[in-house]
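A.B. asks:
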């Protein structure tokens, strides 16, 4: 099994587990398990599922250079986990300029790596 496919399966598992947590949290009073914003948990759940599906599809589709694969995995994991973590710390990204730049860099890296993956898949076809 390819590295990218395995990473996609792990993110899908994280998405499933966060979905179970979200399901339980919606029936509990506000502030349960110190969750401040369930909407952020929901967004992290959706991000993990979508990014996991993208990684799974890319891993099955075409052989990509390891550099592109690593950028996709690292930025994809960071994006989905950091978005979910905002449920507990909603002002983390805006509190410090460094946090904002890390988020911006992660999202930009994922977008650029997706573009590189598309170009690479045409080059190997």
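Residue numbers (our numbering): 10 to 134. Just so you know, even glycine gets a beta-carbon here, dropped at the ideal spot from N, CA and C.
Exposed or buried, which one is residue 49 when buried takes at least 16 other CB atoms within 10 Å?
C.D. replies: Counting Cβ neighbours within 10 Å, residue 49 comes out buried, since at least 16 surround it.
A.B. asks: Whole-angstrom Cβ separation of residue 101 and residue 108, contact assumed at under 8 Å?
C.D. replies: About 6 Å separates the two Cβ atoms, so the contact holds.
A.B. asks: For residue 70, count the other beta carbons within 10 Å of its own beta carbon; 16 or more makes it buried, fewer makes it exposed. Which is it?
C.D. replies: Classification for residue 70: exposed.
A.B. asks: Tell me, to the nearest whole angstrom, how far the beta carbon of residue 57 is from that of residue 23; I am working on the premise that it is less than 8 Å.
C.D. replies: So it is a contact: roughly 5 Å between Cβ atoms.
A.B. asks: Would you mind listing the alpha helix (DSSP H) stretches within the region 12 to 56 that are 4+ residues and don't spill past its ends, in chain order?
C.D. replies: DSSP runs (the alpha helix (DSSP H)) wholly in the region 12 to 56: 12 to 35.
A.B. asks: On the premise that residue 118 lies in contact with residue 80, defined as a C-beta separation below 8 Å, what is that separation, rounded to the nearest angstrom?
C.D. replies: Indeed they touch by this definition, with Cβ atoms about 5 Å apart.
A.B. asks: With distance defined between alpha-carbon atoms, name the residue in 72, 111, 105 and 90 nearest to residue 127.
C.D. replies: Comparing Cα-Cα distances from residue 127 to each of 72, 111, 105 and 90, the minimum goes to 72.
A.B. asks: Does the Cβ of residue 175 have 16 or more other Cβ atoms within 10 Å, making it buried, or fewer, making it exposed?
C.D. replies: Only positions 10 to 134 of the chain appear in this structure, which leaves residue 175 out of reach.
A.B. asks: What residue range is occupied by the uninterrupted alpha helix (DSSP H) comprising residue 84?
C.D. replies: Taken as a continuous stretch (DSSP letters only), the alpha helix (DSSP H) holding residue 84 covers 75 to 94.
A.B. asks: On the premise that residue 62 lies in contact with residue 17, defined as a C-beta separation below 8 Å, what is that separation, rounded to the nearest angstrom?
C.D. replies: Yes, residue 17 and residue 62 are in contact; Cβ-Cβ is about 7 Å, under 8 Å.
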